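Numbering (my numbering), first residue to last: 1 to 430.
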C-alpha cells in the first residue's frame, strides 16, 4: 500500500504505516456494525483538507466532484462511521478523511458527485473525471473492503482473504472467445448494414466496437444481478437437454436493442465526420438533411442505450426467482427458474488463477466441496461441453464454468466493473 502511494502520489505528504493500520482496522470493524438494523456500506476518501485539489485540470467539467467541509472535525470511530454512513450513500458521495500531527484519523467533510464515478465503473457512462484524494476505500459487505486509486482496484479484503487481482475473463481467454462467438448475430447484421448503407466504411474498423458492446452489456447484466444481493445463475446454451425451465419466455429485446444501438452509433459517427470534414474544407453551412441525420442518430443512440439498460434490468430481476436464467448463444432469453437435471459429475474440477486457463494456472478441486447451485452447474457444463454457466452468490462473488477439452474449468474473482490499471489510465488521459 505504501509503495503504491509513493509511486502514484510522490508529491503528496504520505501517511505512515501506523496511520494506515489504524484506518483499515477501523474500517474493517465498522463493516461488522449495523445502523438502524442495516449493515454499513460507505466509501471514504483519504484527502488533505488543507489542499484537497492540488492539481486541478485545465478544463473543469460541471459534474466534477467538490468537497463540503463540516463545521468541526469528527473523530473517526466505528460509531461515527455507522452514523454518517446513512447520509453518505456510496452511489452518491464519500466521506472525507485525514489525520493530524499525532496520527489521529478524523472525518472532516463529504465529497459529492460520486454517481458519475459509479456510472463509469458500471459501463453506464463513457467518461469519468479523476478521483479526489490519495485513495478511496469502500465497505461493501461484512468484512469486505475495496481499495481504489482513481479507477484502479488495488485490492479487496474479503474477511480473511486478500484478493489482489480480478480475472478479466470477459475480455481474454476461453470465456471471452465464447462470448465473442456468441456475438456473431450482431456482427453479421452490422456487416450487412455497413456494406449496404456505408460501402465506403470498413467493417473491420467497427468489429472491436461490436465486441466491446456485447461484452460490456454482459458485464452490466452481471453487475445488475450482483446488486440484487439475492444470488442467481445464468446458463448460455443451445442444448435443451437436462433442462426443466419453469417459466418459458422468448425475450430477444436485449439483442435487438444492441443491434439498433450499433446502427445508431455508426449513423451518428459518419454524420459527425462528414460535418467535420465539410467545416475543415471551409464550408460555412451544413445541409438540412445532414443536420437532421446527425441529430436524429444522436437521439436514436441515446434512446437505444436506454433500451439496453431497461432490457438488462428486466432480465436481471428474473434471477431473484430460484433457478437459472436461460440464454441461447445469441443472448436471447428463453426462460427463468430453470432446474439443471444433469447428474454425472467430474471427479475433479480445475480452478484457474488466470483468465487464459493455462495448464500451469490450474489447481484441482473436489466439486463436492461446493453448494447445490454450484454442483448442478458443474454437472450440466460437464455433460454439455458447449455450455457456459455463471453462478452469482448472495455476497456478489461470481464463478464461471466451462468444459475445456477434458477438464471442467472454474474461474472465480471475476472482473465485472470498468476498473483500469495505471497504464491504461495514462493512455486514456493522453
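The beta-carbon is built from N, C-alpha and C at its ideal position, and this holds for glycine as well.
Computed from a prediction, not measured in an experiment: that's the story for all the values here.
Check residue 228 in the structure and name its three-state DSSP category.
Along the chain shown, read from residue 1 onward, the residue named residue 228 stands at position 228. It is helical.
I'd like the ranges of any alpha helix (DSSP H) spanning at least 4 consecutive residues and lying wholly in the stretch 64-145.
78-85, 114-121
If you count every other CB in all the chains shown that lies within 10 Å of the CB of residue 196, and 16 or more means buried, which is it?
Here the question's residue 196 lines up with position 196 in the chain shown. Classification of residue 196: exposed, given that the 10 Å Cβ count is below 16.
Between the C-alpha atoms of residue 189 and residue 36, what's the straight-line distance to the nearest angstrom?
On the chain shown, position 189 is the one that residue 189 refers to. On the chain shown, position 36 is the one that residue 36 refers to. Approximately 52 Å, taken between the alpha carbons.
Count the other C-beta atoms from every protein chain shown that fall within 10 angstroms of the C-beta of residue 263, then say buried if there are 16 or more, exposed otherwise.
Locating residue 263 in the chain shown gives position 263, where the first residue counts as 1. So residue 263 counts as buried.
Contact check, residue 221 vs residue 308, beta carbons under 7 Å:
Sequence index remark: in the chain shown, residue 221 carries index 221 (1-based). Sequence index remark: in the chain shown, residue 308 carries index 308 (1-based). Cβ distance not < 7 Å, so residue 221 and residue 308 don't count as in contact.
Run through DSSP, which three-state label would residue 244 get?
In the chain shown, counting from the first residue as 1, residue 244 sits at position 244. Correct three-state label for residue 244: strand.
Taking one C-beta from the stretch 361-374 and one from the stretch 213-220 each time, how about it: are there three or more such pairs within less than 8 Å?
no
Within the chosen definition, does the stretch 19-31 reach the stretch 108-121 through at least 3 CB pairs nearer than 8 Å?
no
First through last residue of the beta strand (DSSP E) which encompasses residue 392
Start at 1 with the first residue of the chain shown, and residue 392 comes out as number 392. From DSSP, the beta strand (DSSP E) with residue 392 extends over 388-392.
With a 10 Å radius around its C-beta and 16 neighbouring C-beta atoms as the bar for buried, classify residue 430 as buried or exposed.
Indexing the chain shown from 1 puts residue 430 at position 430. Summary for residue 430: the model assigns pLDDT 38, below 50, so the residue's position carries little reliability; its value from the coordinates is reported in the next sentence. Exposed, since its Cβ has fewer than 16 Cβ neighbours within 10 Å.
Going along the chain, which residues of its own chain have a beta-carbon closer than 6 Å to the beta-carbon of residue 251, five neighbours each way excluded?
By one-based count along the chain shown, residue 251 stands at place 251. The residues are 333.
With DSSP as the reference, label residue 282 as helix, strand or coil.
As a working note, residue 282 is residue 282 in the chain shown. Three-state DSSP puts residue 282 in coil, outside helix and strand.
Can you list the beta strand (DSSP E) stretches of 3 or more residues lying completely in the stretch 139-207, in chain order?
144-149, 152-158, 161-163
Return the first residue and the last residue of the alpha helix (DSSP H) that residue 350 is part of.
The residue labelled residue 350 in the question sits at position 350 within the chain shown. First-last for residue 350: 349-352, but that is the beta strand (DSSP E), not the alpha helix (DSSP H).
Find out if the Cβ-Cβ distance for the pair residue 133, residue 46 is shorter than 7 Å.
Sequence index remark: in the chain shown, residue 133 carries index 133 (1-based). Sequence index remark: in the chain shown, residue 46 carries index 46 (1-based). It is a contact, given that the beta carbons lie within the stated cut-off.
For residue 345, the three-state DSSP class (helix, strand or coil):
As a first step, residue 345 is located in the chain shown; it is residue number 345 there, counting from the start. Residue 345: coil per DSSP, three-state reduction.
To the nearest angstrom, report how far apart residue 266 and residue 204 are at their CA atoms.
Counting from 1 along the chain shown, the entry for residue 266 is found at position 266. Counting from 1 along the chain shown, the entry for residue 204 is found at position 204. Taking the straight line from one Cα to the other gives about 13 Å.
Assess, as a yes-or-no matter, whether the stretch 224-244 is touched by the stretch 150-168 under the definition of 3 or more beta carbon pairs within less than 8 Å.
no
Between 275, 233, 410, 150, which has its C-alpha nearest residue 320's C-alpha?
Residue numbering aside, residue 320 sits at position 320 when the chain shown is read from its first letter. Of 275, 233, 410, 150, the residue nearest in Cα terms is 233.
Let me check one thing: in DSSP terms, what residues is residue 364 bridge-paired to?
The count along the chain shown starts at 1 and reaches residue 364 at position 364. Answer is 350.
Span of the alpha helix (DSSP H), counted from its first residue to its last, around residue 376:
As a first step, residue 376 must be located in the chain shown, where it is residue number 376. Residue 376 -> alpha helix (DSSP H) spans 372-383.
Pair within 7 Å by beta-carbon distance, residue 408 and residue 315
Walking along the chain shown from the start, residue 408 turns up at place 408. Walking along the chain shown from the start, residue 315 turns up at place 315. No, the Cβ-Cβ distance between residue 408 and residue 315 is not below 7 Å.
Which residues in the same chain as residue 339 place their Cβ atom closer than 7 Å to its Cβ, once the five residues preceding and following it in sequence are excluded?
The residue labelled residue 339 in the question sits at position 339 within the chain shown. Excluding sequence neighbours, residue 339 sits near 244, 323.
Do residue 145 and residue 157 count as a contact pair if the criterion is CB distance below 7 Å?
Reading the chain shown from its first residue, position 157 is the one you call residue 157. Reading the chain shown from its first residue, position 145 is the one you call residue 145. Taking 7 Å as the Cβ cut-off, residue 157 and residue 145 qualify as a contacting pair.
Own chain, CB closer than 6 Å to residue 68, minus 5 neighbours either side, in chain order:
Position 68 of the chain shown, counted from the start, is the residue given in the question as residue 68. Cβ within range, chain order: 109, 110.
Would you mind working out which of 143, 120, 97, 31 sits nearest residue 51, comparing C-alpha positions?
If you number the chain shown from 1, residue 51 lands on position 51. When only C-alpha atoms are compared, the closest one is 97.
Please report the straight-line C-alpha distance between residue 248 and residue 327, rounded to a whole angstrom.
Position 248 of the chain shown, counting from 1, holds the residue named residue 248. Position 327 of the chain shown, counting from 1, holds the residue named residue 327. If I take the Cα positions, the gap works out to 11 Å.
Roughly how many angstroms separate the alpha carbons of residue 89 and residue 33, rounded to a whole number?
The residue labelled residue 89 in the question sits at position 89 within the chain shown. The residue labelled residue 33 in the question sits at position 33 within the chain shown. Taking the straight line joining both Cα atoms gives about 16 Å.
For residue 428, collect the residues of the same chain with a Cβ closer than 6 Å to its Cβ; drop the 5 residues on either side in sequence, then sort them by chain order.
Within the chain shown, numbered from 1, the residue matching residue 428 stands at position 428. Because the pLDDT at residue 428 is just 43, under 50, the model does not fix this residue reliably, and the point stays unresolved.
According to DSSP, residue 411 sits in a beta bridge with which residue or residues?
Working through the chain shown from its first residue, we reach residue 411 at position 411. DSSP lists 352, 400 as partners of residue 411.
Residue ranges of each alpha helix (DSSP H) within the stretch 4-64, 4 or longer:
17-30
Which residue marks the beginning of the beta strand (DSSP E) containing residue 323, and which one marks its end?
By one-based count along the chain shown, residue 323 stands at place 323. Here residue 323 belongs to no beta strand (DSSP E), and DSSP marks it neither H nor E.
Quick one: measure Cβ to Cβ for residue 130 and residue 150, integer angstroms, because I've assumed they're closer than 8 Å.
Residue numbering aside, residue 130 sits at position 130 when the chain shown is read from its first letter. Residue numbering aside, residue 150 sits at position 150 when the chain shown is read from its first letter. 6 Å between Cβ atoms; contact.
Just grab the DSSP bridge partners of residue 236 for me.
The residue given as residue 236 occupies position 236 in the chain shown. Paired residue(s): 327, 388.
Have a look at the DSSP bridge pairing and note the partners of residue 335.
The residue labelled residue 335 in the question sits at position 335 within the chain shown. 248, 326.
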